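Scroll down for the structure; my scribbles are underneath it.
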Amino acid sequence: MPELPEVETVRRSLAPAFGARVEQVRYSGLPLRLRKKLDLRAQRRAAEGAGIEGARRLGKYLLVDLQDREWAILVHLGMSGRLRIMSAAEPEPPHTHVVWALADGRELRFSDPRRFGQVDLVQRGAERDHPALAKLGIDPLEDPLDGPTLYELMHPSRQAIKAFLLDQRKVAGIGNIYASEALWMAQIRPSARANTVSKARAVRLAEAIPAVLRRALTKGGTSLKDFIAADGRTGEFAEYLQVYGRDGGDCLRDDCDGVIRRQVTQGRATFYCPGCQPR
DNA sequence: AGACAAACCTGTCTGC
DNA sequence: TGCAGACAGGTTTGTC
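In C-alpha cells:
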C-alpha cells in the first residue's frame with residue numbers, strides 16, 4: 443500500500459507523539475515479514491523509558507528515534523501496515539501487532555492484516571549497517587535526482603524500465619502506483635528496456651519522479667483502499683492519478699486521444715497510454 | 001549477473 | 001446467499 447508519499451505522510455503525522463515517553467512495548471507474538479518474530483526483549487530495552495525524539499524516512503522505511511538511546515525503531519508498512527497514534531481508551535484496530543504505550547495515556551499502534559510489514563531496531567549512526575537499509579538507492583525527495591545520474595544508473599540495466607523503478611536499490615521509494623504515473627508523465631512505455639531509453643527521456647523521467655511524488659505528498663498520499671496516516675486521515679491523491687486504475691479511460695494528456703491500457707508485468711498491474719508512451 | 005515467478009498473508013470484490 | 005477466484009499500494013527467495 444504505502445509508497446514514498448504515504449510513508450512521508452505517516453512520518454509527518456507522527457509529530458504529535460514527539461517528546462512523549464514510551465512506557466511499555468507490547469507485541470501480538472505473530473510473525474511479520476519473512477515469518478520473523480519481533481525481538482520483544484530488545485524492543486523493550488531500546489524503547490521503554492525513552493522519549494520519542496523524532497522520525498526519519500529512508501525510502502519506504504521509517505526510523506523513529508529514541509531520546510538518549512543508541513537505537514531507533516525501524517518500521518516498514520508492507521502492503522497493509524498502519525501506524526496510528528490513539529488514546530489507550532480507544533479500541534485497538536484489528537490485527538494490531540505492536541503497541542508502544544506512552545506515558546501520557548496515548549499509544550502508538552502498528553497494525554497490519556497481511557503481515558508483510560516489518561518492525562525492527564537500527565543502530566543510530568550506523569543505519570546503513572542494517573540489511574534492509576544497506577542497499578537502498580537514491581531517495582528522490584532527499585537527494586537530487588538529476589537526469590545524467592539517472593541515465594547512468596539506467597544504462598547498464600536491461601530490465602524493463604518499470605521493474606527498474608520498482609528496484610529500491612536504484613531509486614528508493616517508488617512503488618507500483620507512482621512507477622506507472624512517472625512513466626506516463628515522462629512518456630516512456632513501461633516495457634521499454636532501461637538501457638534503451640534515450641537520454642532526453644531519462645532526463646524527463648528524472649524530473650517526473652520527484653514531481654509526482656511531491657504532488658502526491660501535498661495531497662497526503664493516495665488512499666486507494668486503506669491507507670491512513672497516524673492521525674487517521676486518508677490521502678486525496680487517488681483523485682489526481684493520471685493512469686493508475688484508469689484502464690479503458692481516455693488519456694488525460696491534452697493532445698492525446700489514446701485509451702489507457704492495463705497490462706500485468708512481473709505480476710503487477712501496469713497502466714500506460716499506448717498513444718503517448720511509444721515503444 | 002540478471003530476469004522472472006512464486007511465496008509470504010488477509011481482506012475485499014466480482015461473477016456464477 | 002454462498003462460494004470460488006482474482007486481486008491488492010511490497011519485498012525476498014528460488015530457479016532458470
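Quick note: to get the working numbering, add 442 to the position in the first sequence (first position is 1).
Note that beta-carbon positions come from the ideal geometry of N, C-alpha and C, so glycine has one too.
Here the structure is a predicted model, which means the values were calculated and not measured.
**Asked** Terminal residues of the continuous alpha helix (DSSP H) containing M596?
**Response** 589-596
**Item:** Whether L563 touches R656 by CB criterion (8 Å)
**Value:** no
**Prompt:** beta strand (DSSP E) containing E465: first to last residue?
**Reply:** 464-469
**Request:** Tell me, to the nearest whole angstrom, how far the beta carbon of P473 is from that of R557; I am working on the premise that it is less than 8 Å.
**Result:** 7 Å
**Asked** Counting pairs of beta carbons, one from the region 651-666 and one from the region 575-594, are three or more of them closer than 8 Å?
**Response** yes
**Message:** Cutting at 8 Å between CB atoms, please list the residues of its own chain near V467, excluding the five before and the five after it.
**Reply:** L482, Q485, R486, A489, E490, V540, V541, W542, A543
**Request:** Indicate the three-state DSSP secondary structure (helix, strand or coil) for G521 in the structure shown.
**Result:** In the sequence under discussion, the amino acid at residue 521 is Met, which differs from the Gly named in the question. Here M521 sits in coil by DSSP.
**Prompt:** Are the CB atoms of Q629 and Q719 nearer to each other than 8 Å?
**Reply:** yes
**Item:** Inter-residue CB distance, G523 and D507 (contact presumed, cutoff 8 Å)
**Value:** Actually they are not in contact, since the Cβ atoms of G523 and D507 sit about 19 Å apart, beyond 8 Å.
**Request:** Quick one: residues in its chain with C-beta nearer than 8 Å to the C-beta of A605, no 5 flanking neighbours on either side, listed in chain order?
**Result:** T707, Q708
**Prompt:** Taking the alpha-carbon positions, what's the S640 to G559 distance?
**Reply:** 36 Å
**Asked** What three-state label does DSSP hand D510 in the structure shown?
**Response** coil
**Asked** Just checking my contact of E681 with G662 at CB under 8 Å: how many whole Å lie between their CB atoms?
**Response** In fact, because the Cβ distance is near 11 Å, the residues do not count as touching under 8 Å.
**Message:** Whole angstroms are fine: how far does the CA of A492 sit from the CA of A545?
**Reply:** 10 Å
**Request:** Check the C-beta distance from L578 over to G501 and give it rounded, since I have them as a contact under 8 Å.
**Result:** 5 Å
**Request:** Compare the beta carbon distance of A648 and L592 with 8 Å and say whether it is the shorter of the two.
**Result:** yes
**Message:** Here's a check: name, in chain order, each residue in its chain whose Cβ is nearer than 6 Å to the Cβ of L447, leaving out the five neighbours to either side.
**Reply:** Before going further, note that residue 447 is Pro rather than Leu in the sequence given. For P447, where only same-chain residues beyond five positions count, the Cβ hits under 6 Å are L655, A658, L659, G663.
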